[in-house]
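Following: one structure in C-alpha cells, then a few remarks.
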Ligand SMILES: Nc1ncnc2c1ncn2[C@@H]1O[C@H](COP(=O)(O)OP(=O)(O)O)[C@@H](O)[C@H]1O
Ligand SMILES: [Mg+2]
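Residue numbers (this note's numbering): 192 to 442.
What follows is the structure in C-alpha cells.
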C-alpha cells in the first residue's frame, strides 16, 4: 500500500500540566481533505506546529510521504511539501503582497527567477489578491491578511496544506469565496487539513472530520456523523457546534 501523505504515530506533547496531544495517531491520505474541530485549547494549533516543525513532540513520530520528519526543521519541511497558515497572520509587514508570496515561492517551492514570479502571480490571481499585489502587507485589513496567509502557504507549492482558522471573522460571501479556493486546490490533488470553527465551511469542503479535545481524538469520520456525535455535542455546551447549516444542508 502507498504511504499516507501524513502520519502521526503516538504523538504526545505537554506544556507543564496541559497535555495538548496524548498518544495521538492520525493519518491523512494523498489528496484527502480532513477537517478538524474542537473547543479552544483543544490542542489543534499545537498539532499543526508539530506537523510543520515549529514544535517538537515529547514522544512519538511525524511522518510525511513515508519519511520520518520528527527532527526536520520547519524550513526543510516547507521545502519537502508541507505548507501552513498561522491562526494569527504573520506576513512580512514591509514587503508587498506579491513579495510575500514570492518569498514562499523561492524558499518553499524552490522556484527561481521568472518561474517564481509567474507562480506567485498565479497564486495571487487564484486567491483574489491580484489587485493588492503592490500593497505593503502591513497596510492590509485583517481579512486581507488572512487571505494573504493562504496565498503565502499555497505559494510554497505544498502537497499538504494546513489551514488554521482562515475563515474566522470573514463575512459569509468571503467564506463562500474561500471555500471555492480550497475546493479548487483539493481538486488539483492537494491534501488539506483545515482547522475551523466555521463548521459549515468545513462541511462543504472536507470528506472527513476529526474532533480533538484535551489532546485526544474524540471522534473521527464522516463530517455530519462527527457533528452529530453526542461526545462532540457535549463539548459545545450541549448545543453542538455552530454549524450554520440549514436543515436541508444538514440532512
Ligand atoms: N508554546 C506554548 N507554551 C505553553 N502553553 C502553550 C503553548 N502553546 C499552546 N499552549 C497551551 O496549549 C493548549 C492548547 O493550545 P492550542 O494548541 O493553541 O489550542 P487550540 O488551537 O485547539 O485552541 C492551550 O491551553 C494553550 O494555552
Ligand atoms: Mg488554535
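Beta carbons: idealized from backbone N, C-alpha and C, even for Gly.
Under the assumption that residue i contacts residue j (Cβ atoms under 8 Å), give the Cβ distance between them as a whole number of angstroms.
i, j, result
"residue 326", "residue 287", "6 Å"
"residue 197", "residue 382", "7 Å"
"residue 270", "residue 299", "6 Å"
"residue 377", "residue 224", "5 Å"
"residue 404", "residue 233", "5 Å"
"residue 265", "residue 212", "Their Cβ separation, rounded to whole angstroms, is 18 Å, which puts residue 265 and residue 212 out of contact at 8 Å."
"residue 365", "residue 320", "Contact doesn't hold; Cβ gap of about 13 Å is too wide."
CA-CA distance, residue i and residue j?
i, j, result
"residue 410", "residue 420", "7 Å"
"residue 134", "residue 380", "As displayed, the chain neither begins before 192 nor continues past 442, which places residue 134 out of reach and without an answer."
"residue 389", "residue 217", "22 Å"
"residue 441", "residue 341", "With a pLDDT of 42 at residue 441, under the threshold of 50, the modelled position of that residue is not reliable, and no figure is offered here."
"residue 314", "residue 292", "8 Å"
"residue 241", "residue 322", "35 Å"
"residue 439", "residue 398", "Because residue 439 carries a pLDDT of 45, less than 50, the predicted location of this residue cannot be relied on, and the following value inherits that uncertainty. Cα-Cα distance, rounded: 18 Å."
"residue 204", "residue 360", "29 Å"
"residue 387", "residue 278", "10 Å"
"residue 406", "residue 370", "27 Å"
"residue 235", "residue 228", "8 Å"
"residue 210", "residue 230", "14 Å"
"residue 244", "residue 352", "14 Å"
"residue 316", "residue 239", "27 Å"
"residue 272", "residue 344", "10 Å"
"residue 395", "residue 284", "33 Å"
"residue 355", "residue 415", "21 Å"
"residue 296", "residue 331", "21 Å"
"residue 307", "residue 348", "11 Å"
"residue 312", "residue 199", "34 Å"
"residue 281", "residue 305", "26 Å"
"residue 324", "residue 318", "11 Å"
"residue 426", "residue 274", "29 Å"
"residue 206", "residue 385", "24 Å"
"residue 461", "residue 208", "The shown model of the chain, from 192 to 442, leaves out residue 461, and the question about it has no answer."
"residue 412", "residue 362", "28 Å"
"residue 289", "residue 226", "29 Å"
"residue 294", "residue 400", "32 Å"
"residue 255", "residue 346", "19 Å"
Which partner residues does residue i have in the DSSP bridge list?
i, result
"residue 287", "327"
"residue 198", "218 and 254"
"residue 274", "352"
"residue 242", "DSSP lists no partner for residue 242."
"residue 399", "225"
"residue 411", "401"
"residue 422", "In DSSP, residue 422 forms no bridge with anything."
"residue 212", "204"
For residue i, collect the residues of the same chain with a Cβ closer than 8 Å to its Cβ; drop the 5 residues on either side in sequence, then sort them by chain order.
i, result
"residue 201", "214, 215, 216, 250, 251 and 252"
"residue 259", "252 and 253"
"residue 220", "195, 196 and 382"
"residue 263", "244 and 271"
"residue 222", "196, 377, 380, 381 and 382"
"residue 302", "296, 310 and 348"
"residue 246", "204, 237 and 240"
"residue 375", "317"
Counting only the same chain and skipping the five closest in sequence on each side, list residues whose C-beta sits under 7 Å from that of residue i.
i, result
"residue 357", "276, 337, 340, 341 and 369"
"residue 329", "284 and 285"
"residue 257", "194"
So, for residue i: in the same chain, excluding its five sequence neighbours on each side, which residues have a beta-carbon less than 6 Å away from its beta-carbon?
i, result
"residue 261", "252 and 253"
"residue 267", "none"
- Query: Which parts of the stretch 310-392 are runs of the beta strand (DSSP E), unbroken and 3 residues or longer, counting only runs that do not cross its ends?
  - Reply: The qualifying runs are 351-355 and 382-386.
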